[in-house]
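Peer 1: Following this message is one structure expressed as structure tokens.
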Amino acid sequence: MFEFLFKYAPIVFTEGIISAKNLPQYALLFAFFFVICASAILFANWKTVSPITNYLKTTFIVLRYFVLIALFLILIEPVITITQVVQKKSAVLLLVDSSKSMQIKDAARSQTRTEVVKNYLWGTENDLLARLKENFIVLPFSFSSGITALDSSNNLQNDGEITDLASALSFAVSRLKSQPVSAIILISDGNNIAWETNESQQASDPLKIASSLGQRNIPVFTVGVGSDIPSDLRLVSVDTQPSPDGTGKTNFSAFIQKKGAENDRATVQIWEDDLLIQSENVTLTQDYTQYKSQLEPTEKGFHNYTAKVISTQKEIVTENNNETFWVDNREKSGRILYIEDLHPWEFKFIKRALDREPLVQFTSMVRTGKDYYRQGIRNMHELEQGFPSTRKELFQYEAIIIGSIHSSAFTEKQLNLIRDFVSIRGGGLLMLGGPKAFSQGDWQKTALTDVLPVELYSEQMAVLKNQQAIYKNPFNLQLTPAGFRTPMLQFFPDVKENKQAWNSLPQLLGFHLVGAAKPGATILAKHPAAREKDEHIVMASQNYGRGRTMVMATSSFWRWQMQLPASDNRHEQFWRQIARWLTLSTPPPISVEMDKNSYSPNEKIKMHITVLDSQFQVVPDAQVSVQIKQPVNYLGAGTAQGDPPVGELINLKPVLNLNKPGNYTCEFLPKEEGFYLADVFVHSNNGAYIGHADGAFITKDKNREFLNPALNENYLKHIAQLSKGNFYRIENASELPDKLAVTETVYTKLIEQDLWDAPILFFLILLLLTLEWSIRRARGVS
């Protein structure tokens, strides 16, 4: 209707400049005639034959004045100057989101977002493409993680794994080199997951690309599809850790995000393959709720699980309510070598605690005079010559505990060997307190100063700083926040219960003064007298090379066992969990690791394989092969757990990393979703079997597109603003083709369009004269 009355679309008037052809050169002449005509109207209507009221006279005069004004508007020949595109000289690049978030049916609609876009582009009501083609060469493409030419509505899909706005805009920039482009239309829900998760194929921020397009006078017009999601549950993350109690259980933790006041209850389910093993109703707090549970795999090996959150309310989006993960429940064990001068109390109770630990074999050598008393040895020749002096001897253990023993008991070669044990072997090292530990044992002068997580003072420096190198008074050990969080120091999964358990332990007696924690080290426990400058570290840990190290600057943990009731096993649990931390993470000579635990479909898996001999030295000319067991189906029977049926076996040949001897890489592109096992076999050059390693990974649809399913209107507005374009919601975007037609670019020209013949002026004159005639007729005035 507007265009019929005023000749042109509203956008022409908002963007154009109105002027008059006959002004100002004929302004005086028009003014003269206007005054004459106005005076004549006044005289003719004020002096009437029939008696009428002044009010009626004024009405007739005003109506005639409006007619006069309309006539003069026609006579001055008004025009509107507007920028108009040169038809068919330039292109409009149309980019349509085809990612999975476009499958969402928003609350206000019964259609998916893709169906809404199809109606907008090809429907009879809007038919955007046809209107664009009147002035432009239209280049339509769909995009998700890649770009696809779009030739019809049937070609527009919504199965893309991820929205990559950066790649879409970069593609537009590349088209500028070969095609004259006036503008870009970007239709999307603004779900910029690729950039947020660092999975974009482009290094540039979409906003930076939009800004560069604006500088080149190529505006981006963004069209937002979708709406806010007022109520939604989302399973944000899941985490699994082996239970520190050594029972073989796995601690499971999940964070559930709640949006909307309606979702206050939900059911958390855990499935192992297609079998429901746990189901629990939970009350949801505002924003985030943490759910904790324990998994008990019935068999050793890798296990595949799915966690699901089921809302009591109907949700628009349910794809973000589940997460698939796997648990490593392989048989693991390790050996600890304990060495010290005779220090009966601490050694006695450590040995007693670890002798009952099935996952750890405790081997000890305690010096009594010139000789060592050996326990837990496998044969009479083990440690017969004292502490190991070769890799072959030492690297058969997974961890070393150095108790109260002077550093002079070791040769320089042995000390360097201990350092290599941690950094190259990947073993665990714990240094305990005692009469001959730390500065009292001159350990600050050895190669282990680099390995330990704290600086070591000399005894003289320790005395200078605090008048004594060892504090001998009783104290309550205080765990740091990091200490409370680490699994090896958790007596109970519940935070409050764990703190109560620690706070109720008996006092320890005395600790060594050590220096500051090294960069990257974690302070686990302090003395209560700790200050900002003097941290008084009692327990600390760090990663070093491939291994782990820890210090315990006291040797009085035995007091817990002596002062606690016989039924209280916190002392035993403490040492068993420390021992598992030291040993069970130590890598074998042959190992395989994936760069991630889970992958998206069509994402390449990269395996990192380490092949070393028993002394952790490179195996020359090793023959390495990889065998992948593919799943038959996803989360169903035969998911590569060893039970038939299993899927196809794929044989791969790893590639030696020339920069890292003993390291190989292998890439694999899965054909389907599911749970995979990877077996690595190593043979010598003459075919003799050397060893084997295995690993696992999952390929699954991570539903990243549903992490933030609402329309990201602000982001799309920002893109449009930076590029000098405009943002429209799709329901209000019908004027977009008209806006493009008058947007100034290098492919536009200025034109003048006549307004004097706009129907509204003639309708106005006719309306005014008809109104006057009707009033005169009704009043009987001639």
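So for the sequence shown, numbering that gives the first Met the number 0 puts the first residue at 0; every next one is plus one.
Every residue, glycine too, gets a C-beta built ideally from N, C-alpha and C.
Could you tell me which of Thr-249, Ala-265 and Ile-208 sits nearest to Arg-233, measuring between CA atoms?
Peer 2: Answer by Cα proximity: Ala-265.
Peer 1: Could you tell me which whole beta strand (DSSP E) segments of length 3 or greater appear in the segment 472-553?
Peer 2: Whole beta strand (DSSP E) segments, 3+ residues: 507-511, 521-525, 536-543 and 546-551.
Peer 1: Please classify Ile-161 as buried or exposed, where buried requires at least 16 neighbouring CB atoms within 10 angstroms.
Peer 2: Counting Cβ neighbours within 10 Å, Ile-161 comes out buried, since at least 16 surround it.
Peer 1: What are the boundary residues of the alpha helix (DSSP H) that includes Phe-140?
Peer 2: Segment 136-142 is the beta strand (DSSP E) holding Phe-140; no alpha helix (DSSP H) there.
Peer 1: Can you tell me which of Thr-769, Phe-761 and Leu-767 puts its alpha carbon nearest to the alpha carbon of Phe-3?
Peer 2: Comparing Cα positions, the closest option is Phe-761.
Peer 1: So Asn-497 and Gln-489 are supposed to be a Cβ contact under 8 Å. How far apart are they, rounded?
Peer 2: The pair is a contact, with the Cβ atoms about 5 Å apart (cut-off 8 Å).
Peer 1: Among residues of its own chain, excluding the 5 on either side of Glu-279, which ones have a beta-carbon nearer than 6 Å to its beta-carbon?
Peer 2: For Glu-279, where only same-chain residues beyond five positions count, the Cβ hits under 6 Å are Val-267.
Peer 1: How about Thr-58 and Ile-774: do their beta carbons lie closer than 8 Å?
Peer 2: Cβ distance < 8 Å, so Thr-58 and Ile-774 count as in contact.
Peer 1: Does the distance from the C-beta atom of Asp-188 to that of Phe-142 stay below 8 Å?
Peer 2: In this structure, Phe-142 does not lie closer than 8 Å to Asp-188 by Cβ.
Peer 1: Looking only at C-alpha atoms, which of Asp-126, Asn-125 and Ala-165 sits nearest to Ser-144?
Peer 2: Looking at the Cα atoms, Ala-165 is the closest of the given residues.
Peer 1: Pull up the CB-CB distance for Ser-555 and Leu-508, whole angstroms please, since I reckon it's below 8 Å.
Peer 2: Yes, Ser-555 and Leu-508 are in contact; Cβ-Cβ is about 4 Å, under 8 Å.
Peer 1: Rounding to the nearest angstrom, what Cα-Cα distance links Leu-455 and Lys-471 in this structure?
Peer 2: Straight-line Cα distance between these residues: approximately 19 Å.
Peer 1: Would you decide whether Phe-1 is buried or exposed? Buried here means 16 or more other CB atoms lie within 10 Å of its CB.
Peer 2: Counting Cβ neighbours within 10 Å, Phe-1 comes out exposed, since fewer than 16 surround it.
Peer 1: How would you write the range of the alpha helix (DSSP H) that Trp-442 sits in, first residue to last?
Peer 2: Unbroken run through Trp-442: none, as it is neither H nor E.
Peer 1: Quick one: grab the DSSP three-state call for Pro-218.
Peer 2: Three-state result, Pro-218: coil.
Peer 1: Report yes or no: do the segment 205-221 and the segment 712-731 share at least 3 C-beta pairs separated by less than 8 Å?
Peer 2: At 8 Å Cβ cutoff, the stretches touch.
Peer 1: For Lys-299, which of Leu-447, Gly-482, Asn-321 and Val-326 has the nearest alpha-carbon?
Peer 2: Checking every option, the nearest Cα to that of Lys-299 belongs to Val-326.
Peer 1: What's the C-alpha gap between Gly-694 and Asn-378?
Peer 2: When rounded, the distance between both Cα atoms is 33 Å.
Peer 1: Exposed or buried, what is Ser-503 when buried is set at 16 or more other beta-carbons lying within 10 Å of its beta-carbon?
Peer 2: Result: exposed.
Peer 1: Among the residues of its own chain, which have a CB less than 6 Å from the CB of Met-101, if the five just before and after it don't count?
Peer 2: Closer than 6 Å at the Cβ level, and outside the excluded window around Met-101, lie Arg-112, Thr-113 and Asn-157.
Peer 1: Would you kindly work out how many angstroms separate the C-alpha atoms of Asp-533 and Tyr-598, rounded to a whole number?
Peer 2: C-alpha separation (whole angstroms): 46 Å.
Peer 1: I'd like to know whether the C-beta atoms of Ile-338 and Gly-440 end up nearer to each other than 8 Å.
Peer 2: Result no, Cβ atoms of Ile-338 and Gly-440 do not sit closer than 8 Å.
Peer 1: Note down, in chain order, each residue of its chain lying with its Cβ closer than 6 Å to the Cβ of Gln-443, except the 5 sequence neighbours on either side.
Peer 2: Cβ within range, chain order: Leu-455 and Ser-457.
Peer 1: When the Cα atoms are used, what is the spatial distance from Arg-547 to Met-487?
Peer 2: Approximately 13 Å between the Cα atoms of the pair.
Peer 1: Following the continuous alpha helix (DSSP H) through Lys-258, name the residue where it begins and the one where it ends.
Peer 2: Premise fails: Lys-258 lies in the beta strand (DSSP E), 249-258, not in any alpha helix (DSSP H).
Peer 1: Quick one, are the C-beta atoms of Phe-705 and Gly-223 less than 8 Å apart?
Peer 2: Cβ distance not < 8 Å, so Phe-705 and Gly-223 don't count as in contact.
Peer 1: What distance in whole Å lies between the Cβ atoms of Phe-420 and Leu-393, which are believed to be in contact at a cut-off of 8 Å?
Peer 2: Their Cβ separation, rounded to whole angstroms, is 6 Å, which keeps Leu-393 and Phe-420 in contact under 8 Å.
Peer 1: Could you give the DSSP three-state label for Pro-241: helix, strand or coil?
Peer 2: Here Pro-241 sits in strand by DSSP.
Peer 1: Where DSSP assigns a beta bridge to Lys-605, which residues make up the other side?
Peer 2: According to DSSP, which records beta bridges pairwise, Lys-605 is partnered with Glu-666.
Peer 1: Output yes or no for whether 8 Å exceeds the beta carbon distance between Ile-536 and Ala-552.
Peer 2: Contact flag set, yes.
Peer 1: Name, in chain order, the residues that DSSP records as bridge partners for Gly-375.
Peer 2: The partner list for Gly-375 (beta bridge, DSSP) is empty, contrary to what the question assumes.
Peer 1: Do you know offhand how far Ser-169's Cα is from Glu-666's?
Peer 2: Near 28 Å, if we compare the C-alpha coordinates of Glu-666 and Ser-169.
Peer 1: Contact check, Leu-583 vs Leu-358 under 8 Å by CB: the rounded distance?
Peer 2: The Cβ separation is near 7 Å, so the contact holds.
Peer 1: Looking only at its own chain, which residues have a Cβ that is under 6 Å from the Cβ of Asn-632, when we skip the five neighbours before and after it?
Peer 2: Caution applies to Asn-632, whose pLDDT of 46 falls short of 50 and renders its modelled position unreliable; the model cannot decide the point.
Peer 1: Measuring CB to CB, does Pro-243 end up less than 8 Å from Thr-249?
Peer 2: Not closer than 8 Å, so no.
Peer 1: Looking only at its chain, what residues have a beta carbon closer than 6 Å to the beta carbon of Thr-448, apart from the 5 residues adjacent to it on each side?
Peer 2: The residues are Leu-455.
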